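FYI, in mature numbering (1 follows the signal peptide of the UniProt record, and there is no 0) the residues of the sequence shown are -26 to -1, 1 to 721. Glycine residues also receive a C-beta, built at the ideal position from the N, C-alpha and C atoms. All of these numbers come straight from a predicted model, not from anything done at the bench.
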Amino acid sequence: MSKQWQWSSAWTLLLFLIFFLSSTTTSTTDYACKFSQSHPFCDTSLPTLTRARSLVSLLTLPEKILLLSNNASSIPRLGIPAYQWWSESLHGLALNGPGVSFAGAVPSATSFPQVILSAASFNRSLWLRTAAAIAREARAMFNVGQAGLTFWAPNINLFRDPRWGRGQETPGEDPMLASAYAVEYVRGLQGLSGIQDAVVVDDDDTLMVSACCKHFTAYDLDMWGQFSRYNFNAVVSQQDLEDTYQPPFRSCIQQGKASCLMCSYNEVNGVPACASEELLGLARDKWGFKGYITSDCDAVATVYEYQKYAKSQEDAVADVLKAGMDINCGTFMLRHTESAIEQGKVKEEDLDRALLNLFSVQLRLGLFDGDPIRGRFGKLGPKDVCTQEHKTLALDAARQGIVLLKNDKKFLPLDRDIGASLAVIGPLATTTKLGGGYSGIPCSSSSLYEGLGEFAERISYAFGCYDVPCDSDDGFAEAIDTAKQADFVVIVAGLDATQETEDHDRVSLLLPGKQMNLVSSVADASKNPVILVLIGGGPLDVSFAEKNPQIASIIWLGYPGEAGGKALAEIIFGEFNPAGRLPMTWYPEAFTNVPMNEMSMRADPSRGYPGRTYRFYTGDGSRKRLLYQVENEVYGVDYVPVNQLQNCNKLSFSVHISVMNLGGLDGSHVVMLFSKGPKVVDGSPETQLVGFSRLHTISSKPTETSILVHPCEHLSFADKQGKRILPLGPHTLSVGDLEHVVSIEIY
């Protein structure tokens, strides 16, 4: 949402004045229903819908049009202040949206790990507590005029292609995992019942802040070759829509109760997402969505300007309003809605429907309940931002997500007490920008080098590469010399915003530039095997390091947020036992031969297409393709359409699991239950995640857990028509190397 539309037409001066006057965040002294309680929309005893209808009925047509932008204008005659709908909170209050400002009583906010790293914790309660902490800080900043109450997060698109620059913002590639994350984040942010360590909202109608599921749907390409998110037509089968792309959004709405949905830039099967009656109607009519639908920023303009779907500006306005969109991030609808009405392409009733949805959410947030300082969240303020509790939570979130990819001969942890010297190598070792995309100003910022320095008695540093692109090896000699003089070496390599970000996808899965040469050269020169730390959200092909015996340990750090330095040091020196698991497949570099614009999830051996994600990827070699073809020969096992089963809940069962910690340290363990079912139709998953649980285990003692399996949900998948089917016969459930067969039969 970084692109802002350029001003045009005779409306320029008028719009500039409107936006200049309304661009600041509402302060606590500027609120609705301040001077008059006589309007029905100010009467808190009335139902939300009644109040919203009253408010819509009092507006003139020009006033209605001025409220269709993210930067909604004030209505002075009704005592309604301006409101900025666009605030961001992906993993903490962020600077990306104009609704959040750090110029005031609150100069910073807690920076939690980027979503992809939090997802790697596989810890529902952590996601809930993190979102609840963000919500608390959001309300506190709203109360001092530094934030809005409508936050456009979470990003729950699937990490379909490893090159995607925004994959870091998502919970990964698995629809079940992304769905679980979406539910916990939304419930935590909106303040639904059951949240600890937060102000609890006791009814479904009231919102602490509003969460927004984005980007609906099949958005996972920003800029690759000739394709950009503004002109990309995502051609997606009904099969893939049903069991891959849509489940996170369905869960976000039905279980999470999200109050906002954002439609994406791209087209889906030839229709822009924001102009698709089929898509937006699915969310409202079938999934029961209750809230407002916003465009991504300037996505309405894109319908006309880039995609050429609409023949005129007025047609574009008509298309999105009739599809069910409510508000435009940008100015396009401000400039063209009036003429669309004059031409008969839009009716005032279309605006009323949109405004009813918008006001309903604002009313649920308490924006028309009078002075917010006197409301249920009014006591929150600067003291509730960057609290010790939240900073500790940010540290714990980083610890829980970090993944130990390799640890030959139990090289880690290092013994802190022997007084060994430590060399830290790499351009990312000294950066304090560890949050990834959509970050704010952290409570405190320290580098990985500084974090390690708190634990190492003697520490040295060499950059090796001047920057992450690493186009020169001029610094290699100094790095090698520094490594030779140290007892142990930590090499920090990987990615940053120059390699992966919004509007920028990668073209390679290898370490950028000469980073690979730096890692190998330093490893070869070191006294002892080295520790390789990888920063970044996207997968990396580091097979060279996996095979190198001089690289004893590999740690994936993701983007760990403000506490990343301390979290890494605690893991390297044995104060925390890492248990994170990768939430996305790390493909070989050869995968970059697969066109990024190919949206199919299923493998197609006839054209050498290997499929995507662990659920369908069959590998790039001929042997894998041969195995796939052989498996296809067993098709013909029976199945039953899920919608024909009337007693799905009666099929549910629990899988009880005992985990024995054989190590010498207490620590967490992530249990993941997978299923592999009969190959009943073309496109059956290779395997799929059924459930997961994160346990704290005690050394040399067993820990028990159970995972509830709903066969109609967890053991089913979609056929080519997009209908859910449940294969009959044996389903192999697995946890690690352990397997158990469950047979599904219909009598």
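By the 10 Å Cβ neighbour count, where 16 or more other Cβ atoms means buried, how is residue i classified, buried or exposed?
i           : result
R51         : exposed
K188        : buried
L600        : Residue placement at L600 cannot be trusted, given a pLDDT of 32 that sits under 50; what the coordinates show is reported in the next sentence. Classification for L600: exposed.
K319        : buried
A543        : buried
P523        : exposed
L(-13)      : Caution applies to L(-13), whose pLDDT of 34 falls short of 50 and renders its modelled position unreliable; the model cannot decide the point.
L707        : buried
D498        : exposed
Q142        : buried
T366        : exposed
L329        : buried
P36         : exposed
H630        : exposed
R581        : exposed
S717        : exposed
residue 730 : Given a span of -26 to 721 for the chain in the structure shown, any question on residue 730 remains unanswerable.
R348        : exposed
Shortest alpha-carbon distance to residue i belongs to which of the options?
i    : options                : result
A403 : S420, G162, A156       : S420
L354 : I108, T276, L619       : I108
D441 : C234, D477, L492, S434 : L492
M490 : D479, H478, V507       : V507
A127 : G119, R103, C226       : C226
P552 : R668, M575, R110, G593 : R668
Y193 : A185, V210, T180       : V210
I681 : P72, N617, D711, S628  : S628
I433 : R390, K407, Q58        : R390
I720 : Q620, V655, G641       : Q620
S153 : D4, L29, F666, M197    : F666
R110 : A83, L100, F133        : A83
A372 : W530, A526, S269, S446 : W530
L483 : S517, G696, A457, I454 : S517
G340 : L639, V183, S500       : V183
K675 : S48, C686, M634        : M634
F550 : P221, E322, T679, L378 : L378
D640 : P685, H670, P145       : H670
So, residue i versus residue j, is the Cβ gap smaller than 8 angstroms?
i           : j    : result
S468        : L426 : Rather than Ser, the amino acid found at residue 468 in this sequence is Gly. Going by C-beta atoms, G468 is not nearer than 8 angstroms to L426.
L388        : A537 : no
E474        : G139 : yes
I130        : F223 : yes
G162        : L67  : no
A114        : D343 : no
R662        : S673 : The displayed chain sequence assigns Gln, not Arg, to residue 662. No.
L422        : G532 : no
residue 740 : F96  : Given a span of -26 to 721 for the chain in the structure shown, any question on residue 740 remains unanswerable.
V614        : L700 : yes
L308        : I54  : no
H688        : G651 : no
L332        : I376 : no
A451        : V496 : no
D196        : D477 : yes
V466        : V504 : no
Tell me the rounded alpha-carbon separation between residue i and residue j.
i    : j    : result
H310 : S12  : 34 angstroms
L485 : G510 : 10 angstroms
S413 : Q88  : 9 angstroms
D135 : L625 : 35 angstroms
Q362 : A185 : 25 angstroms
Y280 : A430 : 55 angstroms
L215 : T268 : 21 angstroms
D293 : C303 : 16 angstroms
P685 : V715 : 13 angstroms
V645 : T679 : 9 angstroms
V709 : V664 : 10 angstroms
R597 : P584 : Caution is warranted here: a pLDDT of 31 is assigned to R597, below 50, making its placement in the model unreliable, and the coordinate value is therefore given only provisionally. Looking at the two C-alpha atoms, the distance is approximately 12 angstroms.
D326 : T22  : 15 angstroms
Look up residue i in the DSSP assignment and give the residues it is bridged to.
i    : result
A692 : R698
K188 : N129
A290 : For A290, which the question treats as bridged, DSSP gives no partner whatsoever.
Q662 : S649
F15  : According to DSSP, which records beta bridges pairwise, F15 is partnered with nothing at all.
State yes or no: is the C-beta of residue i nearer than 7 angstroms to some heavy atom of the ligand ATP?
i    : result
P513 : You won't find the ligand ATP in this model; it holds no ligand whatsoever.
Determine, using beta carbons only, whether residue i comes closer than 8 angstroms to chain B.
i   : result
L40 : Among the protein chains of the structure shown there is no chain B, as only one such chain exists.
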